[in-house]
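These notes concern the structure reproduced below.
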Amino acid sequence: MTDRPAAASFDDDGGVLGGLEPNQVRVRFPPSPTGLLTVGNIRSALFNWAFARHYGGKLVLRIEDTDQSRNTPEALQYTLESLRWLGLNWDEGPEVGGEFGPYLQSERMDLYADVVTKLLDAGKAYHCYCSQEELDQRREAARTAGQHSGYDGHCRNLTEEQIQAYVDEGRRPVVRLRMPDRPIVFDDLVRGEITFLPENLGDYVLVRANGYPLYPLVNPVDDALMEITHVLRGEDLLPSTPRQIALYEALAEIGIGNGRTPRFGHLPFVMGEGNKKLSKRDPGSGLGEYMERGFLPEGLLNYLALLGWSIAEDRDVFTMDEMIEAFDIRKVNANAARFDPKKCEAINAAHMRLLPADEFAQRMIPFLAKAGVLPVEPSADQLAVLRAAVPLVQERMNTLSESVDMLGFLFVDEAAFALDPDAAAKVLTGDAGAVLEASAKALTDVEWTTEAIEAALREALIDGLGLKPKNAFGPVRVAISGRRISPPLFESLELLGREKSLHRLNQARAE
RNA sequence: CUUGGAGUAGCUCAGAGGUGGAGCACCCGGCUCUCAACCGGGAGGGCGCGAGUUCGAUCCUCGCCUCCAAGUCCA
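The first sequence maps to residues -14 to 496 in our numbering.
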């Protein structure tokens, strides 16, 4: 993971910065460690990261683990590892530190309690004694009457006596924010001006009756305390933005944070199959699958960047450095984006071809090792073969895991070598035996170079047996690689070596 | 139901008031020892629907439809 250059020009920030210096930009990525990172999460992280790097600002990683029942330490660790694998480095947060810590919300409970007390004292928030049943009833009534079903303000202005009566009943109150009685308007960085009318903004709960602080409280409080300047997040949070802005304003009035409301930008949804928001449980949504299949981080990120953004009209393959340079939140499309596995793979394939040969070889090793084709630390000879094979396969693979099928035959023991039954059934038929026999004979004494091998086989099979190239080389390919699809044949033979090649030709004849 | 968001080729995205574009995917051809890569060609939408403004609208206005999200003591 390397730091990217903060190369960018700010000639025209189009008001995105809102008067800040570029390097004052502070954005955050706030995952809750409830499980695997999804491609949707990663897209959000990527856009925040690109935004911060573009301006030379800071990316804060904050862990939203207030709901302990859903968190696990493993999930947190997994989240951090995933971000590292992707190369989305953070400037402040777990394992990195920073002056606005702690960065785990579970370690900030005292702060929240303090804020709530101040909000209550200042009259910005109040206790609500309504029971769940009462709320449900009134909400249902409002809904059937065709009205907004938010909180109706029942406990907004209770008298001392009423409060005492509730307390005497043994009721435990929640804390609600007193929403202002005026429209809340904000200029979304992706969608432009958005207005919410007060009648649709009920006072919402900040703290549960059991004293537990909720997301609508802790998220804005931390953003304020951490002096976040821009909030880029999923569109699903758009409806809650006016409430956060109201909280922000209340915090500013009681002197919490720097008094500055961040700018918001709501990123389009990432949809899965059938136009539904991609959920954690959908196949193809978890990062783990992409890691296992051998996607390159740069390939995955490149594709994810395309979900709502484009670097140029006629271009879709680019590096992260290029993205940083070009990223402009105002150019993010507001339409929901559909995750297309095919295009994701195609973009990844393009990055595969961009890799320097040595690095390509290095990146294949873990996959070959996992499949038992190579040891975790290959020998010098094995490495040499692997490197020599790179030019043969680099253009034929879309993901690193394909290296197992593509190159396995070069490394596997003769005892463990086996023909793909389907390939054998289709290709090793009829006069294949004669082809293999003639091939073995032709290769027995030939100089062991690609050119000489090719010449010898052409002479023996095309000229000698009068076969079409396809029928001549097909059986040889299956015999030595075990598959119908392999790297180029003559190069493969050279890499395999004479001894193994002859052995496999003879073995195949016997079958 | 209420509020908010969105509706341009199969998918992702551009586009500008004046006869709709790219990439991926797809099809065909070339190259070739297979599969790719690469090169060349092709098919595919009239811009959700209906009005209005305009000489002219996919782009402006209004209404509608559809999809998505939010609404809760989840995040």
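Beta carbons are placed, not taken as given, at the ideal position from N, Cα and C, and that holds for glycine.
Taking only the alpha-carbon atoms, compute the straight-line gap between residue i and residue j and give it to the nearest angstrom.
i	j	result
residue 314	residue 194	39 Å
residue 445	residue 295	54 Å
residue 218	residue 30	9 Å
residue -6	residue 310	Below a pLDDT of 50, predicted positions are generally treated as unreliable, and residue -6, at 40, falls in that range; no measurement from the model is reported.
residue 133	residue 182	11 Å
residue 203	residue 336	40 Å
residue 463	residue 265	41 Å
residue 478	residue 465	8 Å
residue 148	residue 121	21 Å
residue 472	residue 349	15 Å
residue 199	residue 305	35 Å
residue 341	residue 376	10 Å
residue 392	residue 413	21 Å
residue 455	residue 394	21 Å
residue 301	residue 39	19 Å
residue 77	residue 43	8 Å
residue 275	residue 329	10 Å
residue 57	residue 49	12 Å
residue 396	residue 18	41 Å
residue 110	residue 104	5 Å
residue 352	residue 107	60 Å
Please confirm whether any heavy atom of the ligand ZN lies closer than 8 Å to the CB of residue i.
i	result
residue 27	Of the ligands one can find in the structure shown there are none, so the ligand ZN has no counterpart to examine.
Which residue marks the beginning of the beta strand (DSSP E) containing residue i, and which one marks its end?
i	result
residue 372	First-last for residue 372: 365 to 378, but that is the alpha helix (DSSP H), not the beta strand (DSSP E).
residue 170	169 to 173
residue 43	43 to 46
residue 488	First-last for residue 488: 483 to 495, but that is the alpha helix (DSSP H), not the beta strand (DSSP E).
residue 161	159 to 162
residue 123	No beta strand (DSSP E) contains residue 123, which is instead part of the alpha helix (DSSP H) from 117 to 129.
What is the residue span of the alpha helix (DSSP H) that residue i lies within?
i	result
residue 329	326 to 339
residue 85	Careful: residue 85 lies outside any alpha helix (DSSP H) and carries neither H nor E.
residue 110	Run containing residue 110: none in the alpha helix (DSSP H); it sits in the beta strand (DSSP E), 110 to 113.
residue 284	282 to 290
residue 418	417 to 429
residue 345	342 to 355
residue 395	388 to 396
residue 252	No alpha helix (DSSP H) contains residue 252, which is instead part of the beta strand (DSSP E) from 248 to 252.
residue 456	454 to 466
residue 406	406 to 412
residue 70	58 to 71
residue 296	It is not in any alpha helix (DSSP H) - residue 296 carries neither H nor E in the DSSP assignment.
residue 101	94 to 106
residue 306	305 to 311
residue 136	Unbroken run through residue 136: none, as it is neither H nor E.
residue 435	435 to 442
By the 10 Å Cβ neighbour count, where 16 or more other Cβ atoms means buried, how is residue i classified, buried or exposed?
i	result
residue 66	exposed
residue 226	buried
residue 287	buried
residue 116	exposed
residue 1	buried
residue 327	exposed
residue 26	buried
residue 188	buried
residue 453	exposed
residue 399	exposed
residue 230	buried
residue 62	exposed
residue 319	exposed
residue 28	buried
residue 317	buried
residue 4	exposed
residue 369	exposed
residue 118	exposed
residue 23	buried
residue -4	Bear in mind that a pLDDT of 42 at residue -4, under 50, signals an unreliable position, so the model cannot answer this.
residue 146	exposed
residue 170	exposed
residue 130	exposed
Would the stretch 397 to 412 count as touching the stretch 433 to 451 if we require 3 or more Cβ pairs under 8 Å?
Between the stretch 397 to 412 and the stretch 433 to 451, the count of C-beta pairs closer than 8 Å stays below three; the two stretches do not touch.
Quick one: which unbroken alpha helix (DSSP H) runs of 4-plus residues sit fully inside the stretch 2 to 30? Chain order, please.
If we require 4 residues or more, the stretch 2 to 30 turns out to have no alpha helix (DSSP H) run fully inside it.
Within the stretch 181 to 240, note down every full alpha helix (DSSP H) run reaching 4 residues or more, in order along the chain.
200 to 210 and 226 to 238, all fully within the stretch 181 to 240.
The stretch 424 to 433 in contact with the stretch 483 to 492 per 3-pair CB rule at 8 Å:
Touching, yes.
With contact counted as at least three CB pairs below 8 Å, one residue from each stretch, are the stretch 129 to 143 and the stretch 207 to 217 in contact?
The stretch 129 to 143 is not in contact with the stretch 207 to 217.
Decide yes or no for the touch test of the stretch 145 to 160 against the stretch 10 to 18: beta carbon pairs closer than 8 Å, at least 3 of them.
Output reads no: the stretch 10 to 18 does not touch the stretch 145 to 160.
Given 8 Å, three or more beta-carbon pairs between the stretch 166 to 176 and the stretch 244 to 255
Yes, the stretch 166 to 176 is in contact with the stretch 244 to 255.
Determine, using beta-carbon pairs with one atom in the stretch 354 to 368 and one in the stretch 434 to 443, whether at least three such pairs fall under 8 Å.
Inter-segment contact for the stretch 354 to 368 and the stretch 434 to 443 is absent: fewer than three beta-carbon pairs are separated by less than 8 Å.
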